[in-house]
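Take a look at the structure set out below.
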Amino acid sequence: MDTRHAALALGNLFICLSVGFAREERPAPKLVVKREKAVIQQTAQRLVAESGPLPARPGQPLGEIGVDQANERAGVHDVGKADIELPTKALLAGVSPALPNPSAPPPENPRVAPGKVLWHPDLETACTASGKSGKAVLHFQLLGNLDDRFC
Amino acid sequence: MFSDERIAAWINQHFEPAWESVRPVPRVTIDFGDGHVLSRTLNGNIATYVCRSDGAVLDILPGIYEPQTYLRQLDQLLKLHRRVGEDDDPAAALIGYHQRQAEALAGGKLPLAIAAAPLPITKRRIERPLKLALRPEEARRAESNASERTGDAAPRKPTHDRQPLAGWQLLAQDTRINQRVRRLAIHRYLAQQGPVTPADVTRWLYREVLHADLEDPYLGLGKTLFASYPFRDE
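So the sequence lines, in the order shown, correspond to chains D and C. Numbering of the first sequence is given in my numbering, commencing with residue 466 and proceeding in unit increments. Numbering of the second sequence is given in my numbering, commencing with residue -13 and proceeding in unit increments.
Below, the structure is given as structure tokens:
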């Protein structure tokens, strides 16, 4: 498949998805959708950069070319469309995308186990337990959270 | 340190532990572009309180310690917990303890060891996990002997054995400052205040001892951060 046509198809797909989100009244998962948009945009930009811009038909701006039209011109007829849309569809369906997203940034501060100590949920609970067990209370204070990777 | 099985087991055996975040930790993020981002915490600090069941603070270990010193100090505070609990006037006993410790540290001595209260016959059994945690080489030997008997694989080396030496030197230095300087300030304060809860002392501790003012949005780093910044007045 010509990469220029693929780039245009991806760009239009992005526009269609944006319009689709705007029309639907359900709350969109903004952060994740942003990431998906970014992926599509980055892929389209990369393909354009590799092969140069696709010339529009005379008198027709690029933005007016629809996905089907672009595919028709590229002679691809939806080949790969399902693959491209799968992550977004999966997101809208509330399940994790089956395809890995290599460009997605890792969580900023992932949750980890707070060590192997059996922590009470708070000082008050620890004091209550201490009253029963006779053990001293160990109260550990920190900036950040003990169950954050960076703390 | 809390991920070390031996240390965690010892803490679980002798304490009722709880942790609390006093505020979010400052983080420095450098975006190098092209998806390369470096993120580190800045000016993070910790404090360990040992308290009675009514929440009264017995003593505080400020900052980060070497694991062995940390456990030794916790063991000392267990003895203090026992001693104060047996005293007819726990508040007075506690103030006396802080006064004696402050005098010793001000005189250039190490913190005074707390004499062990009479222990039951199971003392050796109770203390063994601590001794093993404090002396990993002994623990390794014991595990090695056990594995020779059982045919198990050799035990895994403790994680800290693989840490760079420079990091441990800095930690040792910080431990010394915690023990000699920061704890002196704490003993003096607690001797004056009498029984307090962690909530009573937290802000003072972080501002005066750990130099991380919780009420300052820049945690006391503002002068350093903005001193040479040309647009600070904009």
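Glycine residues also receive a C-beta, built at the ideal position from the N, C-alpha and C atoms.
- Look at D/His604 here: in three-state DSSP terms it is strand.
- Taking 8 Å as the upper bound for CB-CB distance, C/His173 and C/His84 are in contact here, some 5 Å apart.
- Annotation: D/Pro575 has no Cβ neighbours in chain C at a cutoff of 9 Å; minimum Cβ distance is about 11 Å.
- Around the CB of D/Phe605, 16 or more other CB atoms lie within 10 Å, so the residue is classed as buried.
- DSSP, reduced to helix, strand and coil, places C/Arg9 within a strand of the structure shown.
- Between C/Ile(-7) and D/Leu603 the beta-carbon gap is near 12 Å, outside 8 Å, which marks them as no contact.
- With its beta carbon less than 7 Å from one in chain D, C/Ile(-3) belongs to the interface.
- The Cβ atoms of C/Ile32 and C/Gly180 do not sit closer than 7 Å to each other.
- With respect to the 7 Å criterion, C/Leu170 and C/Glu52 are not classified as neighbours on the basis of their beta carbons.
- Excluding sequence positions up to five before and after C/His197, its CB lies within less than 7 Å of the CB of Gly206, all in the same chain and listed in chain order.
- Taken through DSSP and simplified to helix, strand or coil, C/Ala78 comes out as helix.
- Counting along the chain, no alpha helix (DSSP H) covers C/Tyr51, and no H or E run does either.
- Within the stretch 30 to 42 of chain C, those residues whose Cβ lies closer than 9 Å to any Cβ of chain D are, in chain order, Gly30, Asn31, Ile32, Ala33, Thr34, Tyr35, Val36, Cys37, Arg38, Ser39, Asp40, Gly41.
- Under the 7 Å criterion on CB atoms, C/Trp190 is classed as non-interfacial with respect to chain D.
- Annotated three-state conformation of D/Val577 is coil, per DSSP.
- Counting along the chain, the unbroken beta strand (DSSP E) around C/Val36 starts and ends at 32 to 37.
- Secondary structure at C/Ala4: strand, using DSSP grouped into helix, strand and coil.
- Between C/Ala158 and chain D, the shortest Cβ-Cβ separation is not below 7 Å.
- Assignment of beta-bridge partners to C/Thr15 by DSSP yields C/Ser25.
- When CB distances to chain D are screened at a threshold of 9 Å, the residues of the stretch 8 to 22 of chain C falling below it are Val8, Arg9, Pro10, Val11, Pro12, Arg13, Thr15, Gly21, in chain order.
- Under the 8 Å Cβ criterion, the stretch 17 to 24 of chain C does not count as touching the stretch 590 to 598 of chain D, having fewer than three qualifying pairs.
- Within chain D, the residues placing a beta-carbon under 7 Å from that of C/Ser(-11) are Gly580, Lys581, ordered along the chain.
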